[in-house]
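Take a look at the structure below.
Protein chains: 2
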Amino acid sequence: MTTGHVFIATSLDGFIARPDGDIDWLHEIDAAGEDHGYDAMMESVDGLIMGRKTFEKVLTFQDWPYTKPVFVLSRTLDADAIPATLREFIKVTTAEPQVLMAELNQKGWHSVYVDGGQTIQSFLRNGLIDTLRIARLPRLIGRGVPLFGMLETDVFLEHVETRSFSSGLVSSLYRVKV
Amino acid sequence: MTTGHVFIATSLDGFIARPDGDIDWLHEIDAAGEDHGYDAMMESVDGLIMGRKTFEKVLTFQDWPYTKPVFVLSRTLDADAIPATLREFIKVTTAEPQVLMAELNQKGWHSVYVDGGQTIQSFLRNGLIDTLRIARLPRLIGRGVPLFGMLETDVFLEHVETRSFSSGLVSSLYRVKV
């Protein structure tokens, strides 16, 4: 079965963005020029799944940052919102997480990068996440969009490894226990 | 000035207790028999400050675990709630955080262990925390009492060091930047 992988940065208090979606506070870490493993992770996956909010945020970036196929989970997104130059890379889908993962499995995908707070939470609740790499910035922002959300039952993880960087970023890799 | 120090364990999703205050899920880590630095930290401080809820939780333990003086922040706690055998170690105070820290400074205290979610948040907002050691357990519990809360402005931290343990616990020490 295709495995889902999370690779995300949060504030020390667990937020992935400010309440308005602002992620400018993350840029100081990018500026440090350290290799936090993003390129290697991106190389290892067959493509991406993200929620609409994350997709719309990425669309505001100067350049489209992905070279691999992207599935956007949305019931409301208008296909016209996707720039014509990107339509061959991006598919909007209303499929439930399990259904989408089964479709990707059929397509021969081994692994997929799952991004966006609500999408990650939904995939976790559905047992569709295999690993999470969480990079914590040394900053408390006090409020915002949380990485994690409600769960019906505890999720047990195996700690694989942790690396820390001069910038103050601490990156931990966990595998979800099944 | 007396410095405040946090030493606390949280779930990977940032909770220090379940919604009803239950911390049984922390015991698997205690059972691992690893030295996470608690004794050294406790040795280094002159005493403790905690909120009423934390105090009432500690009172349910089989034995009173502290040998150093404890200040309990409360406007409602009845002195009769304190067992007679503990009254020489425990003082209930309604002092504001800054006032209490100034009093401790007058008494010659160099450092104090600050415990309990609301108390930690209040001391952070008032700039009274010098270091935080946060130990993350490899488990998501989905809901509960959060370690961190609202802040008026970002709090910038310096990452000092991170250690990980066979149990899966990852412990990071931060110093608050001033």
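Quick note, the sequences are listed as chains A and B, same order. The C-terminal residue of the first sequence carries number 178 in our numbering, and the numbering is unbroken. The C-terminal residue of the second sequence carries number 356 in our numbering, and the numbering is unbroken. Glycine is no exception: its CB is placed at the ideal position from the N, C-alpha and C atoms.
- Asp256 of chain B versus Thr272 of chain B: straight-line alpha-carbon distance, rounded: Within the second sequence, numbered from 1, the residue matching residue 256 of chain B stands at position 78. Within the second sequence, numbered from 1, the residue matching residue 272 of chain B stands at position 94. Our two residues, Asp256 of chain B and Thr272 of chain B, have alpha carbons roughly 12 Å apart in a direct line.
- Message: Using CA atoms only, rank isn't needed, just tell me which of B:Phe326, B:Leu251, B:Tyr291, B:Leu315 is closest to Ser344 of chain B.
- Response: Reading the second sequence from its first residue, position 166 is the one you call residue 344 of chain B. Ranking B:Phe326, B:Leu251, B:Tyr291, B:Leu315 by Cα distance to Ser344 of chain B puts B:Leu315 first.
- Check whether the Cβ of Glu34 of chain A lies closer than 8 Å to any Cβ atom in chain B. For the purposes of this step, residue 34 of chain A is taken as residue 34 along the first sequence, with counting starting at 1. Chain B, which has no Cβ nearer than 8 Å to the Cβ of Glu34 of chain A, makes this no.
- Query: In chain B, what lies closer than 7 Å to Asp24 of chain A by C-beta?
  - Reply: The residue labelled residue 24 of chain A in the question sits at position 24 within the first sequence. Neighbourhood of Asp24 of chain A in chain B, by CB distance below 7 Å: empty, with the nearest CB roughly 11 Å away.
- Query: Whose Cβ in chain B lies nearer than 9 Å to the Cβ of Phe7 of chain A?
  - Reply: Stepping through the first sequence from its first residue, residue 7 of chain A is reached at position 7. Result: empty, since nearest Cβ-Cβ is about 15 Å, beyond 9 Å.
- Message: Any beta carbon from chain B within less than 8 Å of Phe55 of chain A's own beta carbon?
- Response: By 1-based counting over the first sequence, the position of residue 55 of chain A is 55. At a cut-off of 8 Å, the C-beta of Phe55 of chain A has no neighbouring C-beta in chain B.
- Item | Sequence-distant residues of its chain with Cβ nearer than 8 Å to Thr188 of chain B (five each side left out) | The count along the second sequence starts at 1 and reaches residue 188 of chain B at position 10. So the list reads Ile194, Ile312, Ala313, Arg314, Leu315, Leu325, once near-sequence residues are dropped.
- Task: Within its chain, find whatever has a CB closer than 7 Å to the CB of Gly116 of chain A; leave out the 5 residues flanking it on each side and keep chain order.
- Result: Residue numbering aside, residue 116 of chain A sits at position 116 when the first sequence is read from its first letter. Met50, Gly51, Lys53, Thr54.
- Span of the alpha helix (DSSP H) holding Ile298 of chain B? Working through the second sequence from its first residue, we reach residue 298 of chain B at position 120. Here the alpha helix (DSSP H) through Ile298 of chain B covers 295-303.
- Query: Which word fits Pro243 of chain B, buried or exposed, when buried means at least 16 other C-beta atoms lie within 10 angstroms of its C-beta?
  - Reply: Indexing the second sequence from 1 puts residue 243 of chain B at position 65. If you draw a 10 Å sphere on the C-beta of Pro243 of chain B, you find fewer than 16 other C-beta atoms in it, and that means exposed.
- Item | Bridge-paired residues (DSSP) for Pro324 of chain B | By 1-based counting over the second sequence, the position of residue 324 of chain B is 146. Within the DSSP bridge table, the entry for Pro324 of chain B names B:Phe193 as partners.
- Item | Beta-carbon spacing of Val45 of chain A, Val112 of chain A below 8 Å | Along the first sequence, one-based indexing puts residue 45 of chain A at 45. Along the first sequence, one-based indexing puts residue 112 of chain A at 112. With respect to the 8 Å criterion, Val45 of chain A and Val112 of chain A are classified as neighbours on the basis of their beta carbons.
- Message: Quick check on this structure: which residue in B:Leu302, B:Gly192, B:Phe267 has the alpha carbon closest to the alpha carbon of Met279 of chain B?
- Response: As a working mapping, residue 279 of chain B is identified with position 101 in the second sequence. Relative to Met279 of chain B, the option among B:Leu302, B:Gly192, B:Phe267 whose CA is nearest is B:Leu302.
- Backbone secondary structure at Asp130 of chain A - three-state DSSP: If you number the first sequence from 1, residue 130 of chain A lands on position 130. Note: Asp130 of chain A maps to strand in three-state DSSP.
- Message: Along the chain, where does the alpha helix (DSSP H) containing Arg52 of chain A start, and where does it finish?
- Response: Here the question's residue 52 of chain A lines up with position 52 in the first sequence. Unbroken alpha helix (DSSP H) run through Arg52 of chain A: 52-59.
- Task: Using the Cα positions of His5 of chain A and Thr85 of chain A, report the straight-line distance between them to the nearest angstrom.
- Result: Taking the first residue of the first sequence as position 1, residue 5 of chain A is located at position 5. Taking the first residue of the first sequence as position 1, residue 85 of chain A is located at position 85. When the Cα atoms are used, His5 of chain A and Thr85 of chain A turn out to be separated by approximately 27 Å.
- Query: Is Thr340 of chain B buried or exposed, if buried means 16 or more other CB atoms sit within 10 Å of its CB?
  - Reply: Numbered from its first residue, the second sequence carries residue 340 of chain B at position 162. The residue is buried, with at least 16 neighbouring Cβ atoms inside 10 Å.
- Message: Please report whether the beta-carbon of Asp332 of chain B lies at a distance below 8 Å from any beta-carbon of chain A.
- Response: Here residue 332 of chain B corresponds to residue number 154 of the second sequence, with the count starting at 1. Contacts with chain A at 8 Å (Cβ-Cβ) include Asp332 of chain B.
- Item | Exposed unless 16 or more other CB atoms sit within 10 angstroms - verdict on Val277 of chain B | Position 99 of the second sequence, counting from 1, holds the residue named residue 277 of chain B. Its Cβ having fewer than 16 others within 10 Å, Val277 of chain B is exposed.
- Residues sharing a beta bridge with Lys269 of chain B, DSSP: The residue given as residue 269 of chain B occupies position 91 in the second sequence. Looking at the DSSP assignment, Lys269 of chain B forms a beta bridge with B:Phe249.
- Task: Please name the residue, chosen from A:Val160, A:Leu169, A:Thr119, A:Val178, that lies closest to Ala32 of chain A on a Cα-to-Cα basis.
- Result: Residue numbering aside, residue 32 of chain A sits at position 32 when the first sequence is read from its first letter. Selected option, being the one with the closest Cα: A:Leu169.
- Query: Looking only at its own chain, which residues have a Cβ that is under 6 Å from the Cβ of Val270 of chain B, when we skip the five neighbours before and after it?
  - Reply: For the purposes of this step, residue 270 of chain B is taken as the residue at position 92 of the second sequence. Answer for Val270 of chain B: Val250, Ser252, Leu255, listed in chain order.
- Query: Residues in the region 341-354 of chain B with C-beta within 7 Å of chain A's C-beta atoms, listed in sequence order?
  - Reply: Answer set for the region 341-354 of chain B: Ser342, Gly346, Val348, Ser350, Tyr352.
- Query: Which residues in chain A sit within 9 Å of Arg317 of chain B, going by Cβ to Cβ distance?
  - Reply: For the purposes of this step, residue 317 of chain B is identified with residue 139 of the second sequence, where counting begins at 1. Contacts between Arg317 of chain B and chain A, judged by CB atoms closer than 9 Å, involve Asp154, Val155, Phe156, Leu157 in chain order.
- Query: Identify the residues that DSSP records as bridge partners of Thr188 of chain B: which are they?
  - Reply: As a working mapping, residue 188 of chain B is identified with position 10 in the second sequence. When beta bridges are read from the DSSP output, Thr188 of chain B appears opposite B:Arg314.
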